[in-house]
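So the sequence lines, in the order shown, correspond to chains A and B. Per the working numbering, residue 1135 is the first one in the first sequence, and the count goes up by one each step. Per the working numbering, residue 2 is the first one in the second sequence, and the count goes up by one each step. Note that beta-carbon positions come from the ideal geometry of N, C-alpha and C, so glycine has one too.
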Amino acid sequence: NAGVMQNPRHLVRRRGQEARLRCSPMKGHSHVYWYRQLPEEGLKFMVYLQKENIIDESGMPKERFSAEFPKEGPSILRIQQVVRGDSAAYFCASSPKSGVGTEAFFGQGTRLTVV
Amino acid sequence: QKEVEQDPGPLSVPEGAIVSLNCTYSNSAFQYFMWYRQYSRKGPELLMYTYSSGNKEDGRFTAQVDKSSKYISLFIRDSQPSDSATYLCATAGGTSYGKLTFGQGTILTVHP
């Protein structure tokens, strides 16, 4: 059973471009969470999604960021018009239900560099 | 004030030492407490999970939660060089069970 798969592992974008980060949850998991980790900081919650629904987006910046988890396919975190401050590691976690702790598994992350 | 405070270290100990890692939190609604280990350039992996106050032991690892003082601890006995990593405490509960609130992480190095 494959773990949480994130791709790409590394992504370089120029300022003003769009970044698309993909997350395939573990098999049987229908809940996805996105976190951002800035250098020298812990992980910050961004958004919590179920299939076709955004449950909690209280950590998402109001502008330029969006997330989706369609009925088919991976969850996508989209950043439009990237700026240098968006450079960070973005982690996805999944769980089989509204899980906390024990049932939330993290992917290896996508490291976004904005040049 | 951050919801979860954690001393970032770095912490350096000799092999075999007992390591104590700590966090404090401010939201009394938190009910779930976790410790994650993160190796360099990797994703966090869950080490310990505790619900409410009390102790939990798993091999060389012991997690303690004191809700009265809002204090979370992780003890590592007989530390090994392979334990060198960043340790993150996390909490959840209250109004959003799907959302984890992390501390900053403590960088631990265990030298042979």
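By alpha-carbon distance to A/Lys1196, the top candidate from A/Glu1186, A/Gly1207, A/Glu1202 and A/Met1180 is A/Met1180.
For the pair A/Ser1209 and A/Leu1183, the CB atoms are nearer than the 8 Å cut-off.
Among the residues of chain A, those whose CB is under 7 Å from the CB of B/Phe103 are Gly1176 and Leu1177, following chain order. Put simply, the CB of A/Phe1240 is near chain B, with a gap under 8 Å to one of its CB atoms. Among the residues of chain B, those whose CB is under 7 Å from the CB of A/Gly1243 are Gly44, following chain order.
Interface annotation, B/Lys68: not in contact with chain A, CB-CB separation never under 8 Å. Contacts with chain B at 8 Å (Cβ-Cβ) include A/Asp1190. Nearest CB-CB separation between B/Leu89 and chain A: below the 8 Å threshold. Sequence-ordered contacts of the stretch 1214-1229 of chain A with chain B read Ala1223, Phe1225, Cys1226, Ala1227 and Ser1229 [C-beta pairs closer than 9 Å]. Residues Leu109, Thr110 and Val111 of the same chain have their beta carbon placed closer than 7 Å to that of B/Ser85, with the five preceding and five following residues left out of the count.
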